[in-house]
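Peer 1: Take 1 as the starting number for the sequence shown in full-length UniProt numbering and just add one per residue. Using N, Cα and C, we set each Cβ at its ideal position, and we do this for glycine too.
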Amino acid sequence: MAQQGMPPPFPGIAPPGAPPMGAPPMGGPPMGGPPMGGPPMGGPPMGVPPQAMGIPPPKLVGGIPTPRQPPNTTPSRTVYVNNINEKVQIPVLKKTLETLFQQYGKVLDVTAYSNIRARGQAFVAFEEEDSATKAIKELQHFVLYDKPLVLQYARQKSDVHAKLDGNYDEHHAARVEEKSKRPPLSAPLGPRPGMPGTGFPPGAHLPPGHQIPDEFLPPNNILFLQNLPEDIQQAQLMDLFQTYPGFREVRMIPTKRDIAFVEYEDETLAAAAKSALGGHEIEDGKPMKVTFARK
């Protein structure tokens, strides 16, 4: 059985022509101590940039978008994060970004919204400007949830900084005025003409047993593994998955050896392992399928 090299957590990607990027630390050792049956956990040393760990670029959902305007180069304590995977739930996204960015300095606040205008974007407010500068430099085009992040300095002061600077009232009033000048968004598109709300032709019904595909299941701290080799051993899966922070245990089904469950401390840490190991070939030509377990 040929086991290929294991990619590190939070896989990254370099710009075209540059060395591939790896994963930054998760901000310290996982909660709950070392995993069962394995060595003590821990990410790379604090401050090691992602590109210091070379790995093959992961699969991407789309590429790096062309900016609509030149990036803001005026230094700020807040980083504007764009091109985020919109399928990630906001609480999970905010915790992931905080974990990812806190290695560059103290993170005061992470702001992200689910509305149409702001989804796929976030703001990470640091205590120090130097921390924001270093994060932009080292995490530019870093792949998170299968999409390369696009980073620049925020064009406006964040609320948390306005409060610290003692001018929040003026800051808030200016933002309200700026929002009032924005053109309204067009109404979202409904079903195509002649189609009911389901999007199926008139008279059609949803297929029996219709449910969400595995790839679009909501985050869970338990991962579901499929397409495993029939002779896979629990120890092999433990060796593979315990290299990622927050690992708890592997559970196998004695009567069905080609599937298994892997549990992590929380959804964010499970998502990092899922992103890194989805498609990993334990046996040549047999990619492992990794999805969130159904709740």
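Name, in chain order, the residues that DSSP records as bridge partners for L144.
Peer 2: According to DSSP, which records beta bridges pairwise, L144 is partnered with K147.
Peer 1: Tell me the DSSP secondary structure of I64 in three-state form.
Peer 2: In the structure shown, I64 sits in coil (DSSP, three-state: anything other than H, G, I, E or B).
Peer 1: On the criterion of 16 or more Cβ atoms from any shown chain inside 10 Å, does T268 qualify as buried, or is it exposed?
Peer 2: By the neighbour-count rule (16 or more Cβ atoms within 10 Å), T268 is buried.
Peer 1: Buried or exposed for R77, going by 16 or more other Cβ atoms inside 10 Å?
Peer 2: Answer is buried; the Cβ neighbour count reaches 16.
Peer 1: Okay, do the segment 115 to 130 and the segment 157 to 170 touch, 3+ Cβ pairs below 8 Å being the bar?
Peer 2: Yes, since at least three Cβ pairs between the segment 115 to 130 and the segment 157 to 170 fall closer than 8 Å, the two stretches touch.
Peer 1: Am I right that N220 and F292 are in contact with their C-beta atoms under 8 Å? What's the rounded C-beta distance?
Peer 2: Confirmed, Cβ separation roughly 4 Å.
Peer 1: In its own chain, which residues sit with a C-beta less than 6 Å from the C-beta of N82, not counting the 5 before and 5 after it?
Peer 2: Correct list, in chain order: Q121 and V150.
Peer 1: Would L225 and F261 qualify as a contact pair, given that the criterion is a beta-carbon distance under 9 Å?
Peer 2: Cβ distance < 9 Å, so L225 and F261 count as in contact.
Peer 1: Could you tell me how far apart the beta carbons of Q140 and N72 are, in whole angstroms, since I believe they sit closer than 8 Å?
Peer 2: 14 Å between Cβ atoms; not a contact.
Peer 1: Looking only at its chain, what residues have a beta carbon closer than 6 Å to the beta carbon of residue 297, apart from the 5 residues adjacent to it on each side?
Peer 2: Only positions 1 to 295 of the chain appear in the structure, and residue 297 is not among them; the question remains open.
Peer 1: At 3 residues or longer, what runs of the beta strand (DSSP E) sit wholly inside the UniProt domain "RRM" (221 to 295)?
Peer 2: 222 to 226, 247 to 253, 256 to 264, 281 to 283 and 289 to 292, all fully within the UniProt domain "RRM" (221 to 295).
Peer 1: Which one of A135, F142, M238 and Y104 has the shortest CA to CA distance from A275?
Peer 2: The amino acid occupying residue 275 in the given sequence is Ser; Ala does not appear at that position. Cα-wise, what sits closest to S275 is F142.
Peer 1: Using DSSP's beta-bridge definition, name the partner residues of Y153.
Peer 2: DSSP output for Y153 lists V79 as bridge partner(s).
Peer 1: Going by DSSP in three states, P9 sits in which element: helix, strand or coil?
Peer 2: Summary for P9: the model assigns pLDDT 47, below 50, so the residue's position carries little reliability; its value from the coordinates is reported in the next sentence. Reduced to three states, the DSSP call for P9 is coil.
Peer 1: For A118 and V79, which I take to be in contact (beta-carbon distance under 8 Å), what is that distance rounded to the nearest angstrom?
Peer 2: That pair is no contact at about 15 Å.
Peer 1: Could you spell out the range, first to last residue, of the beta strand (DSSP E) harbouring residue 316?
Peer 2: Absent from the model: residue 316. The displayed extent of the chain is 1 to 295, so no value can be given.
Peer 1: Using CA atoms only, rank isn't needed, just tell me which of A272, P254 and L100 is closest to D109.
Peer 2: Out of A272, P254 and L100, L100 has the C-alpha closest to the C-alpha of D109.
Peer 1: CA-CA distance, P75 and Y104?
Peer 2: Their Cα atoms are separated by approximately 16 Å.
Peer 1: Pull the bridge partners of T111 from the DSSP assignment, please.
Peer 2: Its beta-bridge partners are F123.
Peer 1: Kindly indicate the opening and closing residues of the alpha helix (DSSP H) around P91.
Peer 2: Where P91 is concerned, the enclosing alpha helix (DSSP H) stretches over I90 to F101.
Peer 1: Only counting the same chain, and skipping five residues up and downstream in sequence, which positions put a Cβ closer than 6 Å to that of L277?
Peer 2: Within the same chain, L277 has close Cβ partners V290.
Peer 1: Here's the rule: buried if 16 or more other CB atoms are within 10 angstroms of the residue's CB, otherwise exposed. What is Q102?
Peer 2: Looking at its Cβ environment, which holds 16 or more other Cβ atoms inside 10 Å, Q102 is buried.
Peer 1: Using DSSP with H/G/I as helix, E/B as strand and the rest coil, what is L164?
Peer 2: Residue state, collapsed to three classes: helix.
Peer 1: So is G203 buried or exposed if we call it buried at 16+ other beta carbons inside 10 Å?
Peer 2: At G203, the pLDDT of 42 sits below 50, so the modelled position is not reliable and the matter cannot be decided from this model.
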